[in-house]
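Peer 1: Here's a structure for you.
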Ligand SMILES: Cc1ncc(COP(=O)(O)O)c(C=O)c1O
């Protein structure tokens, strides 16, 4: 009988639904409208037969991104989405049987990667006040903790860690020889960032993505930022041509377009403010967020409502467990998109009398 890793064999994956392009996509925190058409036209014009025939060369985008965020290029490696970055980081810095500590709820790929790699996923739940007790996270660390992962802002809760709490946690992690992974997939929708701590402590790794604010989820482009030693280890693990040529080119064009990132963030923030206002004015309880998604408690059952939305060609995420059980999460879009969503909500979220 051939060998299969027990961890891989026993993991049950649920992959995203197919055919989503025909729907208004508010379920996976993408930008539902994407980049401005003129930026897409610039991308199209850059594609030539020679361009497609040449192996990828990531250094130019790496250098550009380094200067974009103000770090040295040796502190960066690019990955096939930040999803792959998380896998590499867990694989490099956690030993099978040891602990990866996160809060719960958080991005589900931490749990999945722990299953796949034989790691113990240890979690600290949010309190009844929907807040993380940073001391509880620190107390949960032991000498078996190899990685503490903070999603900042967290998905799906939408809240951020203060620099003071993060420093406390990083120092405690260092005393257990643990790495702190800060996942900033939702940066650019908030001013909060823990990026500066990468240069202050030698056990911090930060990830970002081009999938959210930069609106390039389809091309798969993630970024790891740390000190050159930790980046070197991750680079050793990555496949030779980790990020494809097309993704690299799209990333460069986004960074090279003056004001684009600010414009993309602004559109989403305006949409977010609009939908929060509408929901609150209509009596909904809304979960505040510093991201491109918000959660609210519908007037009818959330899973049934999500199905009704689907019938109206709109995809939303409904929660069946955890602190947001019975709630709906939607990612934001422009005010126009949020209005379309809200009009549909008013039509279908009507309790039976
Ligand atoms: C917190 C968080 N981190 C990482 C990712 C992965 O993003 P990507 O692989 O598209 O870079 C996501 C995707 O939704 C996320 O929510």
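Residue numbers (the working numbering): 384 to 736. The C-beta atom is built at its ideal place from N, Cα and C for all residues, glycine as well. Because the structure is a prediction, the values reported are computed rather than measured.
(1) Taking all protein chains shown into account, decide if residue 750 is buried (16 or more other Cβ within 10 angstroms of its Cβ) or exposed.
(2) If you drop the 5 nearest sequence neighbours on each side, which residues of the same chain put their C-beta closer than 8 Å to that of residue 487?
(3) Shorter than 7 Å, the distance from the beta carbon of residue 496 to the closest heavy atom of ligand 1, or not?
(4) Measure the alpha-carbon distance for residue 492 versus residue 640 and round it to whole angstroms.
(5) Whole angstroms is fine: what's the gap from residue 722's alpha carbon to residue 625's?
(6) Where do the N-terminal and C-terminal ends of the beta strand (DSSP E) with residue 432 fall, by residue?
(7) Under 8 Å: do the region 463-481 and the region 564-578 share three or more Cβ pairs, one atom per stretch?
(8) Indicate whether residue 536 and residue 569 have their beta-carbon atoms separated by less than 8 Å.
(9) Going along the chain, which residues put their C-beta within less than 6 Å of some heavy atom in ligand 1?
(10) Distance check for residue 643 and residue 575, CA to CA, integer angstroms please.
(11) Who pairs with residue 679 in a beta bridge, going by DSSP?
(12) Taking 6 Å as the limit between beta carbons, can you name the residues of its chain near residue 702, skipping five residues before and five after?
(13) Whole beta strand (DSSP E) runs in the region 467-528 with 3 or more residues, listed along the chain?
(14) Taking residue 734 as the reference, give the member of 718, 712, 687 and 698 with the closest Cα.
(15) Can you tell me whether residue 413 is buried or exposed? The criterion is at least 16 other CB atoms within 10 Å of its CB, across all chains shown.
(16) Measuring alpha carbon to alpha carbon, tell me which residue in 605, 730 and 444 is nearest residue 377.
(17) By how many angstroms is the C-alpha of residue 675 removed from the C-alpha of residue 665?
(18) Would residue 527 and residue 482 be called neighbours here (beta carbons separated by less than 8 Å)?
(19) Using a threshold of 8 Å, state whether the C-beta atoms of residue 592 and residue 499 are closer than that.
(20) Can you give the Cα-Cα distance for residue 407 and residue 595, rounded to whole angstroms?
(21) If you check the beta carbons only, do residue 484 and residue 520 fall under 8 Å apart?
(22) Anyone know if the C-beta pair for residue 426 and residue 727 falls short of 8 Å?
(23) On the premise that residue 621 lies in contact with residue 460, defined as a C-beta separation below 8 Å, what is that separation, rounded to the nearest angstrom?
(24) Just checking my contact of residue 608 with residue 581 at CB under 8 Å: how many whole Å lie between their CB atoms?
(25) Which of the three DSSP states, helix, strand or coil, is assigned to residue 530?
(26) Could you check if residue 700 is buried or exposed, using at least 16 other CB atoms within 10 Å of its CB as the buried criterion?
(27) Let's see if you can read the secondary structure: which residues bound the alpha helix (DSSP H) around residue 547?
Peer 2: Quick answer:
(1) Residue 750 cannot be examined here, being either before or after the span of the chain that is shown, 384 to 736.
(2) For this step, residue 487 is matched to residue 104 along the chain shown. Closer than 8 Å at the Cβ level, and outside the excluded window around residue 487, lie 506, 507, 508, 509 and 705.
(3) Residue numbering aside, residue 496 sits at position 113 when the chain shown is read from its first letter. No, Cβ of residue 496 sits at least 7 Å from all heavy atoms of ligand 1.
(4) On the chain shown, residue 492 is found 109 positions in, with the first residue counted as 1. On the chain shown, residue 640 is found 257 positions in, with the first residue counted as 1. If you take the alpha carbons of residue 492 and residue 640, they lie about 32 Å apart.
(5) Taking the chain shown and counting its residues from 1, one reaches residue 722 at position 339. Taking the chain shown and counting its residues from 1, one reaches residue 625 at position 242. One C-alpha to the other measures close to 39 Å.
(6) The residue labelled residue 432 in the question sits at position 49 within the chain shown. From DSSP, residue 432 is part of no beta strand (DSSP E) but of the alpha helix (DSSP H) over 432-436.
(7) yes
(8) In the chain shown, residue 536 corresponds to position 153, counting from 1. In the chain shown, residue 569 corresponds to position 186, counting from 1. Yes, the Cβ-Cβ distance between residue 536 and residue 569 is below 8 Å.
(9) 412, 464, 465, 466, 490, 534, 538, 566, 568, 592, 594, 600 and 605
(10) For the purposes of this step, residue 575 is identified with residue 192 of the chain shown, where counting begins at 1. For the purposes of this step, residue 643 is identified with residue 260 of the chain shown, where counting begins at 1. Their Cα atoms are separated by approximately 20 Å.
(11) Stepping through the chain shown from its first residue, residue 679 is reached at position 296. Note: residue 679 sits in a beta bridge opposite 669 and 711.
(12) Your numbering for residue 702 matches position 319 in the chain shown. Excluding residues within five positions, the ones whose Cβ falls inside 6 Å are 708 and 710.
(13) 482-487 and 503-508
(14) Position 351 of the chain shown, counted from the start, is the residue given in the question as residue 734. Per the Cα distances, 687.
(15) Taking the chain shown and counting its residues from 1, one reaches residue 413 at position 30. Flag for residue 413 reads buried.
(16) The question about residue 377 has no answer here: the residues shown for the chain are numbered 384 through 736.
(17) For this step, residue 665 is matched to residue 282 along the chain shown. For this step, residue 675 is matched to residue 292 along the chain shown. Whole-angstrom Cα-Cα distance: 21 Å.
(18) Reading the chain shown from its first residue, position 144 is the one you call residue 527. Reading the chain shown from its first residue, position 99 is the one you call residue 482. Yes, Cβ-Cβ distance for residue 527 and residue 482 is below 8 Å.
(19) As a working note, residue 592 is residue 209 in the chain shown. As a working note, residue 499 is residue 116 in the chain shown. In this structure, residue 499 does not lie closer than 8 Å to residue 592 by Cβ.
(20) Indexing the chain shown from 1 puts residue 407 at position 24. Indexing the chain shown from 1 puts residue 595 at position 212. Between residue 407 and residue 595, the C-alpha separation is close to 16 Å.
(21) If you number the chain shown from 1, residue 484 lands on position 101. If you number the chain shown from 1, residue 520 lands on position 137. Cβ atoms of residue 484 and residue 520: closer than 8 Å.
(22) Here the question's residue 426 lines up with position 43 in the chain shown. Here the question's residue 727 lines up with position 344 in the chain shown. No, the Cβ-Cβ distance between residue 426 and residue 727 is not below 8 Å.
(23) Walking along the chain shown from the start, residue 460 turns up at place 77. Walking along the chain shown from the start, residue 621 turns up at place 238. With a Cβ gap of about 7 Å, residue 460 and residue 621 count as contacting.
(24) Position 225 of the chain shown, counting from 1, holds the residue named residue 608. Position 198 of the chain shown, counting from 1, holds the residue named residue 581. Correct: roughly 6 Å between the Cβ atoms.
(25) Position 147 of the chain shown, counting from 1, holds the residue named residue 530. If DSSP states are grouped into helix, strand and coil, residue 530 belongs with the strands.
(26) Translated into the one-based positions of the chain shown, residue 700 becomes position 317. Counting Cβ neighbours within 10 Å, residue 700 comes out buried, since at least 16 surround it.
(27) For the purposes of this step, residue 547 is identified with residue 164 of the chain shown, where counting begins at 1. Its alpha helix (DSSP H) spans residues 546-558.
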